[in-house]
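Structure first, commentary second.
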Amino acid sequence: KLHSDLDKGVGTVKYTLSGDGAGTVFTIDETTGDIHAIRSLDREEKPFYTLRAQAVDVDTKKPLEPESEFIIKVQDINDNEPKFLDGPYVASVPEMSPVGAYVLQVKATDADDPTYGNSARVVYSILQGQPYFSIDPKTGVIRTALPNMDREVKEQYQVLIQAKDMGGQLGGLAGTTTVNITLTDVNDNPPRFPKSIFHLKVPESSHVGSAIGRIRAVDPDFGKNAEIEYNIVPGDGGNLFDITTDENTQEGVIKLKKPLDFETKKAYTFKVEASNLHLDHRFHSVGPFKDTATVKINVLDTDEPPVFSKPMYTMEVYEDTPVGTIIGAVTAQDLDAGSSSVRYFIDWKNDLDSYFTIDATEGTIATNELLDRESTAQYNFSIIASKVSNPLLTSKVNVIINVLDVNEFPPEISVPYETSVCENAKAGQVIQTVTAADKDLSPAGQRFSFRLSAEASNKPNFTVHDYRNNTAGIETRRNGYSRRQQELYFLPVVIEDSSYPVQSSTNTMTIRVCRCDSDGTILSCNVEAIFLPVGLSTGALIAILLCIVILLVIVVLYVALRRQKKKDTLMTSKEDIRDNVIHYDDEGGGEEDTQAFDIGALRNPKVIEDNKIRRDIKPDSLRFPRQRPPVEDNTDIRDFINQRLQENDVDPTAPPYDSLATYAYEGNGSVAESLSSIDSLTTEADQDYDYLSDWGPRFKILADMFGEEESYNPDKVT
1 KLHSDLDKGV
11 GTVKYTLSGD
21 GAGTVFTIDE
31 TTGDIHAIRS
41 LDREEKPFYT
51 LRAQAVDVDT
61 KKPLEPESEF
71 IIKVQDINDN
81 EPKFLDGPYV
91 ASVPEMSPVG
101 AYVLQVKATD
111 ADDPTYGNSA
121 RVVYSILQGQ
131 PYFSIDPKTG
141 VIRTALPNMD
151 REVKEQYQVL
161 IQAKDMGGQL
171 GGLAGTTTVN
181 ITLTDVNDNP
191 PRFPKSIFHL
201 KVPESSHVGS
211 AIGRIRAVDP
221 DFGKNAEIEY
231 NIVPGDGGNL
241 FDITTDENTQ
251 EGVIKLKKPL
261 DFETKKAYTF
271 KVEASNLHLD
281 HRFHSVGPFK
291 DTATVKINVL
301 DTDEPPVFSK
311 PMYTMEVYED
321 TPVGTIIGAV
331 TAQDLDAGSS
341 SVRYFIDWKN
351 DLDSYFTIDA
361 TEGTIATNEL
371 LDRESTAQYN
381 FSIIASKVSN
391 PLLTSKVNVI
401 INVLDVNEFP
411 PEISVPYETS
421 VCENAKAGQV
431 IQTVTAADKD
441 LSPAGQRFSF
451 RLSAEASNKP
461 NFTVHDYRNN
471 TAGIETRRNG
481 YSRRQQELYF
491 LPVVIEDSSY
501 PVQSSTNTMT
511 IRVCRCDSDG
521 TILSCNVEAI
531 FLPVGLSTGA
541 LIAILLCIVI
551 LLVIVVLYVA
561 LRRQKKKDTL
571 MTSKEDIRDN
581 VIHYDDEGGG
591 EEDTQAFDIG
601 ALRNPKVIED
611 NKIRRDIKPD
621 SLRFPRQRPP
631 VEDNTDIRDF
641 INQRLQENDV
651 DPTAPPYDSL
661 ATYAYEGNGS
671 VAESLSSIDS
681 LTTEADQDYD
691 YLSDWGPRFK
701 ILADMFGEEE
711 SYNPDKVT
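Just so you know, we're using the UniProt record's numbering here: the sequence shown kicks off at 1 and counts up by one.
Here it is in structure tokens:
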């Protein structure tokens with residue numbers, strides 16, 4: 001309620017309200033100043049409101065007092081129940097945990113005011129899940145309530161938790177949640193065999209490494225706590241078998257380590273121990289976490305292939321041994337009760353197997369061809385043995401035959417040496433160390449010896465020093481060597497081996513004399529260097545080389561001039577088209593032939609001056625046109641032709657040919673008429689060329705040519 005001291009109760013004062021919630025949540029009586037809530041309030045939505053009130057004169061509308069501010073606080077009541085915001089919960093705890101083992105902490109939230117009354121004070125309790133678990137009423141911590149809870153008995157638990165406000169008093173609001181608790185496994189159970197004896201039957205033909213049976217121990221634990229390791233207890237027959245664990249089924253797989261033989265032993269008995277891999281020290285007092293069972297194996301008899309006396313045979317034979325020589329034998333037996341006979345044969349795989357044969361009954365191996373160790377040093381093949389009673393039962397063994405070497409090759413120098421000696425070498429100086437090689441297979445301890453041949457031992461130039469370790473040194477026997485006197489020395493070295501029979505060879509070494517400095521470093525071994533000490537200086541050698549170069553230049557120039565002169569010489573070959581023009585000597589049509597040639601060109605000096613490229617030859621080089629003296633009009637043609645002839649005679653670059661364009665044209669109206677048969681109306685056989693003989697010596701060649709054709713014409717009758 002609001003009231004102003006100026007309010008006399010006569011209705012002259014009006015009260016107004018503004019601020020947070022004015023008109024929507026709160027309203028005021030303008031006359032009395034009473035404030036009312038016009039709707040329900042929720043503290044959890046808005047805990048307080050700030051308002052402003054003022055007293056105003058009704059008539060003047062002016063404030064009678066300053067505006068005042070006040071706060072309306074919403075008082076809490078217990079209208080919200082506790083809630084588990086994170087529920088439902090999932091938790092786990094190891095089995096066999098002691099009483100009071102921590103499991104999980106739950107928390108409920110109450111929206112009421114925790115500072116006013118007990119509306120927000122929550123108390124926890126278990127509605128479902130006793131007597132296995134308990135909860136702290138204040139903190140909400142869940143713990144185990146029973147000892148030795150066994151996962152193998154019960155694994156899953158569902159606990160119902162209640163949270164109640166008002167401190168759990170009557171009338172308080174409550175909320176619930178579910179907690180799913182799982183007991184996790186611990187290794188609290190040892191493995192146990194379901195029976196104490198396991199019986200297995202195994203054929204004696206079982207392969208080594210194959211699985212011959214399975215046994216299983218049971219462990220009620222889970223995961224890694226149920227992993228079992230199997231071991232064979234040392235004892236009777238345990239060394240023939242092995243056992244491993246199948247990771248998927250946790251079974252013990254018994255495998256064969258060695259072959260079984262029914263004829264040798266028919267039964268085996270041994271013990272197998274099963275134990276956990278991951279032990280928990282808290283449960284050692286329960287007892288040993290392992291169990292033992294007995295395994296009895298009965299071996300079944302089967303028809304087996306023959307068995308060789310050795311797993312592999314190694315034999316030796318000398319090369320070049322005569323064909324048919326027995327070098328060894330293999331033996332196989334049938335160990336079954338029937339004891340069948342055995343047959344032998346070679347397992348043919350390549351051509352090398354044909355070098356040997358085997359006796360089918362006795363198993364003896366003999367050579368079938370001559371052997372050469374240098375070609376093949378070792379032969380490796382297989383022998384198959386089969387039972388006569390059952391040929392399908394076979395066994396195989398490898399045979400290795402080593403071909404022994406016979407000393408048939410002499411030793412030789414291992415590599416070709418390039419040996420040199422300095423001109424200033426001293427006596428006793430080692431100029432080369434040599435080694436030897438032998439194509440024969442050198443046995444252990446074989447040694448090569450080196451010496452000079454008999455004819456070279458008396459010469460005072462070089463000697464051989466045998467180091468007795470399969471190497472030798474070439475040493476000088478005198479001081480100084482001269483290349484001018486002798487450039488190359490040939491030293492015969494005899495090399496012998498130590499095998500029987502002794503083989504030797506003579507190897508000739510070439511020693512070159514070289515020029516060296518004072519330290520023994522080779523400066524030159526070339527042949528031309530020998531002539532330097534004769535007395536010719538470097539300048540003299542340069543002068544000689546210069547003279548040789550000048551002579552070569554002169555020869556090249558002479559050859560070039562000869563080739564140019566030969567090109568300018570008039571060609572007289574009958575095959576040249578330019579010669580044909582000269583020999584034909586066609587006659588023009590005379591002065592009456594005005595269409596054959598424009599004679600005005602001969603009289604016009606300007607036309608003569610035109611530089612026209614000749615079409616009958618290929619010009620050698622581009623030349624500028626020569627300046628010719630002008631020819632006067634009405635000059636005699638003969639003088640002009642003579643002038644042209646003289647110019648061409650003194651020109652060394654142009655042959656004296658006549659132009660085809662000038663002289664190779666046939667005119668009309670010639671007295672001798674045309675010699676061409678192109679436009680002739682008659683055939684060549686109808687022509688009579690006897691008149692060519694009357695034209696003089698210039699037409700003699702043509703007369704002879706056409707006269708021969710008429711004489712050899714088979715159609716003409718004389």
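Ideal placement from N, C-alpha and C gives every residue a C-beta, glycine not left out. These numbers come from a predicted model, not from an experiment.
Item, Value
"For the candidate residues Ile474, Pro203 and Glu374, whose alpha-carbon lies nearest to that of asparagine 402?", "Glu374"
"Mark arginine 638 as exposed unless 16 or more other C-beta atoms lie within 10 angstroms of its C-beta, in which case mark it buried.", "exposed"
"Between the stretch 191-201 and the stretch 87-103, are three or more C-beta pairs nearer than 8 angstroms?", "no"
"Shorter than 7 angstroms, the distance from the beta carbon of phenylalanine 241 to the closest heavy atom of the ligand ADP, or not?", "The model on display carries no ligand, and the ligand ADP is accordingly not part of it."
"How big is the Cα-Cα spacing for proline 261 and isoleucine 383?", "According to the sequence as given, residue 261 is aspartate; it is not proline. Rounded to the nearest angstrom, the two C-alpha atoms are 23 angstroms apart."
"Out of Ala436, Asn461, Pro460 and Asp440, which one is the CA nearest neighbour of tyrosine 467?", "Ala436"
"Please go through the same chain and pick out, in chain order, the residues whose beta-carbon is closer than 7 angstroms to the beta-carbon of histidine 199, but skip the five residues on each side of it.", "Lys296"
"With a threshold of 7 angstroms on Cβ separation, who are the neighbours of valine 208 within its own chain once the five nearest residues in sequence on each side are excluded?", "Leu256, Lys257, Lys258 and Pro259"
"Quick one: Cα of leucine 551 to Cα of valine 434, how far?", "51 angstroms"
"Say whether the stretch 334-350 touches the stretch 375-394, bearing in mind that this needs 3 or more beta-carbon pairs closer than 8 angstroms, one atom from each stretch.", "yes"
"Please list the terminal residues of the continuous beta strand (DSSP E) segment that includes aspartate 347.", "342-347"
"With a floor of 3 residues, list each beta strand (DSSP E) that falls wholly inside the stretch 152-216, ordered by position along the chain.", "156-164, 174-184, 197-203 and 211-216"
"Is the stretch 127-137 close to the stretch 157-166, with three or more CB pairs under 8 angstroms?", "yes"
"Tell me which same chain residues have a C-beta within less than 8 angstroms of the C-beta of threonine 508, skipping the five on either side of it?", "Phe490, Leu491, Pro492 and Val493"
"Hey, isoleucine 35 and leucine 2: beta-carbon distance below 8 angstroms or not?", "yes"
"To the nearest angstrom, how far is it from the Cα of isoleucine 346 to the Cα of lysine 396?", "10 angstroms"
"Straight-line CA distance for alanine 472 to arginine 451?", "9 angstroms"
"Beta-carbon separation of glutamate 227 and leucine 146 under 8 angstroms?", "no"
"Taking C-alpha atoms, which residue in Arg477, Met315, Gln446 and Ala108 lies nearest to alanine 456?", "Arg477"
"Please report the distance separating the alpha-carbon of leucine 41 from that of alanine 55.", "26 angstroms"
"Grab the span of the beta strand (DSSP E) containing valine 56 for me, first residue to last.", "48-57"
"Quick check: the stretch 70-87 against the stretch 130-139, are at least 3 beta-carbon pairs closer than 8 angstroms?", "no"
"What distance in whole Å lies between the Cβ atoms of phenylalanine 270 and glycine 238, which are believed to be in contact at a cut-off of 8 angstroms?", "4 angstroms"
"When we look at the beta-carbon of methionine 312 and count the other beta-carbons within 10 Å, is it buried (16 or more) or exposed?", "exposed"
"Between the Cα of threonine 361 and the Cα atoms of Asp29, Thr331 and Ile212, which residue gives the shortest distance?", "Thr331"
"Within 10 Å of its beta-carbon, does valine 607 have 16 or more other beta-carbons around it, so buried, or fewer, so exposed?", "Unreliable placement is indicated for valine 607, whose pLDDT of 47 sits below 50; the coordinate value is still reported in the next sentence. Under this definition valine 607 is an exposed residue."
"Considering only the beta carbon of each residue, do valine 186 and glutamate 45 sit closer than 8 angstroms?", "no"
"For cysteine 547, which of helix, strand or coil comes out of DSSP?", "helix"
"If contacts are defined as beta-carbon pairs under 8 angstroms, then tyrosine 230 and valine 272 qualify, I think. What distance do you get, rounded to the angstrom?", "6 angstroms"
"Exposed or buried, asparagine 189, counting other C-beta atoms within 10 Å across all chains shown (16 or more means buried)?", "buried"
"Do leucine 51 and aspartate 29 count as a contact pair if the criterion is CB distance below 8 angstroms?", "no"
"Consult DSSP for residue 778 and reduce its assignment to one of helix, strand or coil.", "Missing from the structure shown is residue 778; the chain here goes from 1 to 718 and no further."
"Does DSSP classify histidine 3 as helix, strand or coil?", "coil"
"Report the residue ranges of all beta strand (DSSP E) runs contained in full by the UniProt domain \"Cadherin\" (309-413); include only those spanning at least 3 residues, in chain order.", "312-318, 326-329, 342-347, 356-358, 364-367, 378-387 and 394-404"
"Distance, Cα to Cα, valine 307 vs leucine 335?", "7 angstroms"
"Please classify threonine 176: is it buried, with 16 or more other beta-carbons within 10 angstroms of its beta-carbon, or exposed?", "buried"
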